[in-house]
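For the record, the sequence lines run as chains A and B.
Just so you know, the numbering used here puts the end of the first sequence at 118, numbered straight through with nothing missing.
Just so you know, the numbering used here puts the end of the second sequence at 408, numbered straight through with nothing missing.
Glycine included, every Cβ here is placed at the ideal spot set by N, Cα and C.
Structure record follows, encoded as structure tokens.
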Amino acid sequence: MAEPTTTMHVRQVGDRAAVIDIKGDVTAASEPVLMSAYEQADRQGARRLVLNFRGLEYMNSGGIGMLVTFLIRANRQRQELAAFGLSDHYREIFELTRLDEAITIYDDERSALSDVAS
Amino acid sequence: MTNHAGPPDTPPTEQSPRATGHPAEGDAAATPTRPLPRDAGSWASKVDRLTETRVGAPAANVVGRRLTGPVQGFGKMWRKTYRMNIGAGIAPRRAIATWKEHFAEFWPQTSTFEPSLTGISPGEVALLDVGIGGGARLSTGVFVLYADEVSFTLMTPQGHMFAGWITFSAERAPGSDAHQATQAQPTVVQTEVLMRANDPLYELAMALGGHRKEDEFWVQTMTALAKYLGAPPVEVHTRMVCIDPRRQWGNAGAVWHNSMVRTALQAMAAPVTAIAHRRRRAPAPPARRS
Chain A
1 MAEPTTTMHV RQVGDRAAVI DIKGDVTAAS EPVLMSAYEQ ADRQGARRLV LNFRGLEYMN
61 SGGIGMLVTF LIRANRQRQE LAAFGLSDHY REIFELTRLD EAITIYDDER SALSDVAS
Chain B
119 MTNHAGPPDT PPTEQSPRAT GHPAEGDAAA TPTRPLPRDA GSWASKVDRL TETRVGAPAA
179 NVVGRRLTGP VQGFGKMWRK TYRMNIGAGI APRRAIATWK EHFAEFWPQT STFEPSLTGI
239 SPGEVALLDV GIGGGARLST GVFVLYADEV SFTLMTPQGH MFAGWITFSA ERAPGSDAHQ
299 ATQAQPTVVQ TEVLMRANDP LYELAMALGG HRKEDEFWVQ TMTALAKYLG APPVEVHTRM
359 VCIDPRRQWG NAGAVWHNSM VRTALQAMAA PVTAIAHRRR RAPAPPARRS
């Protein structure tokens, strides 16, 4: 049987933000895991959702499509979506697909959470 | 809490140094701080605007255009899925290799697809001329965003009917462990379109039969693929889900790039353009002697 390829861990940061640590592969098959992580962050009342891509090992076009679905879901709840930890390769993919116009990309976690904490 | 996903749909990509993430032997300069992931050879390099890829190809409505994803478009966001079961005898890799190689041949006769010389590979641009009903045509293009052995994705430029991605993929249908141990599961081939109409005119056109025409288009294409692969007669299952019912009015100005309007204007102007070209090519009359 195939080993699980994605893990997502949700960390609450203060009252208004949550960081989702992504590890492994992001593909269309990751959708249930990401949506489950979203629901957990949403229940905790996060207004800003921050995706940590530092542990990302692989992403195909299905994974990018899944991120769009995630983005729309967050926007409908008036939640902001941000990301950090993208390698140059994945940052370029965000720019190519123009996902960076909707998901703010930061260099690190502190920057991604700075204006939430202030 | 930690969540897990599986099974993977992550095939190995071509074994180039870029794809494997390992530097080539003797390539001392290629020592990235973070090794490239195994998807690296499957993605196109970043482009700001599309460029013409072939000498002499009529690339009106393509050159200089920006790519548009589902985040950018105007209309409601839809996910449209077309799936068919082609049986266990055809492996997913064979289905996708065939689709890439003969992509244009499976299109309905009312439309043409002109790939670049290297075909469906990341970063290539293909030109389209699509019959959209009532004698109207749409000349535009698509960009190959991603391609591996079991899937490939096309992304649309400004002026295309929709802003989005079309992903073609094949995989073995999931089955029980016991069943998998005894025989191969059937191969399921899928086309998935994640899109918004690019501007208000297109949004109207989609609502007035555009979605239905698009459904017919992909059903015909996939049926032709199945026939070519020698699969038994297939049924293509269509599913359409509205991901975002909101329209993005801030992007309504994209109508300026509308390739349907531009194609019509270019067709009307064609006789005048041809005369102007002929005049420019004609040799200048000899100068009169006084």
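Requested in this report: Identify the contact partners of residue 185(B) in chain A, using a Cβ-Cβ distance below 9 Å as the criterion.
Outcome: Position 67 of the second sequence, counted from the start, is the residue given in the question as residue 185(B). Residues of chain A passing the Cβ test: 96, 97, 98.
**Report entry** Among 196(B), 399(B), 395(B), 226(B), nearest to residue 280(B) - alpha-carbon criterion
**Finding:** Residue 280(B) sits at position 162 when you count from the first residue of the second sequence. Answer by Cα proximity: 196(B).
Query raised in the report: Considering residue 386(B), what are the terminal residues of the alpha helix (DSSP H) in which it resides?
Result: Along the second sequence, read from residue 1 onward, the residue named residue 386(B) stands at position 268. Element bounds for residue 386(B): 377-399.
Query raised in the report: Taking buried to mean at least 16 other C-beta atoms within 10 Å of its own C-beta, is residue 418(B) buried or exposed?
Result: Chain B is shown from 119 up to 408; residue 418(B) falls before or after that span and cannot be answered.
Requested in this report: Give a yes or no on whether 9 Å exceeds the smallest Cβ distance from residue 71(A) to chain B.
Outcome: Working through the first sequence from its first residue, we reach residue 71(A) at position 71. Yes, contact with chain B.
Requested in this report: Return the CA-CA distance between residue 412(B) and residue 93(A), expressed in angstroms with no decimal places.
Outcome: Because chain B here runs from 119 to 408, residue 412(B) falls outside it and cannot be looked at.
Requested in this report: Can you say whether residue 345(B) is buried or exposed, counting buried as having 16 or more other CB atoms within 10 angstroms of its CB?
Outcome: Position 227 of the second sequence, counted from the start, is the residue given in the question as residue 345(B). Exposed is the call here.
Query - Contact set for residue 253(B): own chain, Cβ-Cβ below 6 Å, skip 5 residues either direction - result: By one-based count along the second sequence, residue 253(B) stands at place 135. So the list is empty, once near-sequence residues are dropped.
Report task. Quick one: which residues of the region 314-340 of chain B get their C-beta closer than 7 Å to a C-beta of chain A? List them in chain order. Result -> Those residues of the region 314-340 of chain B that come within reach of chain A (Cβ to Cβ, closer than 7 Å) do not exist; the list is empty.
Query raised in the report: At which residue ranges does the region 289-370 of chain B contain complete alpha helix (DSSP H) runs of 4 or more residues, listed in the order of the chain?
Result: 295-300, 318-323, 329-347
**Report entry** Any C-beta of chain B under 9 Å from that of residue 45(A)
**Finding:** Position 45 of the first sequence, counted from the first residue, corresponds to residue 45(A). Taking 9 Å as the CB threshold, residue 45(A) stays off the interface with chain B.
Requested in this report: Please state if the CB of residue 246(B) and the CB of residue 269(B) are separated by a distance shorter than 9 Å.
Outcome: Your numbering for residue 269(B) matches position 151 in the second sequence. Your numbering for residue 246(B) matches position 128 in the second sequence. Their beta carbons are not under 9 Å apart, which means residue 269(B) does not touch residue 246(B) by this criterion.
Report task. Tell me residue 203(B)'s beta-bridge partners as DSSP assigns them. Result -> Working through the second sequence from its first residue, we reach residue 203(B) at position 85. For residue 203(B), which the question treats as bridged, DSSP gives the partners 306(B).
Report task. Could you tell me whether any Cβ in chain B is nearer than 9 Å to the Cβ of residue 93(A)? Result -> Locating residue 93(A) in the first sequence gives position 93, where the first residue counts as 1. Residue 93(A) counts as touching chain B.
Requested in this report: Please go through the same chain and pick out, in chain order, the residues whose beta-carbon is closer than 7 Å to the beta-carbon of residue 74(B), but skip the five residues on each side of it.
Outcome: Here chain B has residues from 119 to 408 only, and residue 74(B) is not among them.
Report task. Examine chain D for any beta-carbon lying closer than 9 Å to the beta-carbon of residue 162(B), and answer yes or no. Result -> Among the protein chains of the structure shown, namely A and B, there is no chain D.
Query raised in the report: Nearest to residue 22(A) by alpha carbon, out of 33(A), 13(A), 88(A)?
Result: Taking the first sequence and counting its residues from 1, one reaches residue 22(A) at position 22. Ranking the options by Cα distance to residue 22(A), first place goes to 33(A).
Requested in this report: For chain A, find out if any of its Cβ atoms is closer than 9 Å to the Cβ of residue 238(B); answer yes or no.
Outcome: Working through the second sequence from its first residue, we reach residue 238(B) at position 120. Chain A contact via Cβ: absent.
Query raised in the report: Does any C-beta atom of chain A lie closer than 9 Å to the C-beta of residue 200(B)?
Result: For this step, residue 200(B) is matched to residue 82 along the second sequence. No, residue 200(B) does not count as interfacial toward chain A.
Query raised in the report: Are residue 352(B) and residue 340(B) close, meaning C-beta to C-beta below 9 Å?
Result: On the second sequence, residue 352(B) is found 234 positions in, with the first residue counted as 1. On the second sequence, residue 340(B) is found 222 positions in, with the first residue counted as 1. Cβ atoms of residue 352(B) and residue 340(B): closer than 9 Å.
**Report entry** Residues of its chain near residue 124(A), where Cβ-Cβ distance is below 8 Å and the 5 sequence neighbours each way are ignored
**Finding:** Only positions 1 to 118 of chain A appear in this structure, which leaves residue 124(A) out of reach.
**Report entry** residue 251(B) and residue 188(B) closer than 9 Å at C-beta
**Finding:** Translated into the one-based positions of the second sequence, residue 251(B) becomes position 133. Translated into the one-based positions of the second sequence, residue 188(B) becomes position 70. No, these two residues do not count as a Cβ contact at 9 Å.
**Report entry** Environment of residue 114(A) [buried if 16+ CB atoms lie within 10 Å]
**Finding:** In the first sequence, counting from the first residue as 1, residue 114(A) sits at position 114. So residue 114(A) ends up on the exposed side.
Query raised in the report: Can you tell me whether DSSP reads residue 156(B) as helix, strand or coil?
Result: Position 38 of the second sequence, counting from 1, holds the residue named residue 156(B). It is coil, neither helix nor strand.
Report task. Assign residue 324(B) to buried or exposed, taking buried as 16 or more other Cβ atoms, counted over all protein chains shown, within 10 Å of its Cβ. Result -> Stepping through the second sequence from its first residue, residue 324(B) is reached at position 206. Flag for residue 324(B) reads buried.
Query - residue 75(A), enclosing alpha helix (DSSP H) - first and last residue - result: Reading the first sequence from its first residue, position 75 is the one you call residue 75(A). Here the alpha helix (DSSP H) through residue 75(A) covers 61-76.
Query raised in the report: Under the three-state reduction of DSSP, which class applies to residue 182(B): helix, strand or coil?
Result: Along the second sequence, one-based indexing puts residue 182(B) at 64. Three-state result, residue 182(B): coil.
**Report entry** Three-state secondary structure (DSSP) of residue 96(A)
**Finding:** As a first step, residue 96(A) must be located in the first sequence, where it is residue number 96. Helix, per DSSP.
Query - For residue 216(B), the nearest candidate out of 293(B), 349(B), 365(B) (CA to CA) - result: Against the second sequence, residue 216(B) aligns to sequence position 98. Measuring from the Cα of residue 216(B), the nearest candidate turns out to be 349(B).
Query raised in the report: Can you find a C-beta in chain A that's less than 9 Å from the C-beta of residue 269(B)?
Result: In the second sequence, the residue the question calls residue 269(B) occupies position 151. Taking Cβ atoms only, chain A reaches closer than 9 Å to residue 269(B), which makes this a yes.
Query raised in the report: Any Cβ of chain B within less than 9 Å of the Cβ of residue 109(A)?
Result: Indexing the first sequence from 1 puts residue 109(A) at position 109. Not closer than 9 Å to any Cβ of chain B, the Cβ of residue 109(A) fails to qualify, so no.
Query - Residue(s) in a DSSP beta bridge with residue 22(A) - result: The sequence position of residue 22(A) within the first sequence is 22, counting from 1. DSSP output for residue 22(A) lists 8(A) as bridge partner(s).
Report task. List the residues that DSSP assigns as beta-bridge partners of residue 198(B). Result -> Position 80 of the second sequence, counting from 1, holds the residue named residue 198(B). According to DSSP, which records beta bridges pairwise, residue 198(B) is partnered with 311(B), 358(B).
Query raised in the report: By the criterion of Cβ-Cβ separation under 7 Å, what are the contact partners of residue 128(A) in chain B?
Result: In the structure as shown, chain A begins at 1 and stops at 118. Residue 128(A) is therefore absent and cannot be evaluated.
Requested in this report: Determine, using beta carbons only, whether residue 186(B) and residue 278(B) come nearer to each other than 9 Å.
Outcome: On the second sequence, residue 186(B) is found 68 positions in, with the first residue counted as 1. On the second sequence, residue 278(B) is found 160 positions in, with the first residue counted as 1. Contact annotation: residue 186(B) and residue 278(B) have beta-carbon atoms nearer than 9 Å.
**Report entry** Stretch-stretch touch, CB-based, cutoff 8 Å, three pairs: the region 231-248 of chain B with the region 360-367 of chain B
**Finding:** Counting Cβ pairs under 8 Å, fewer than three are found: no touch.
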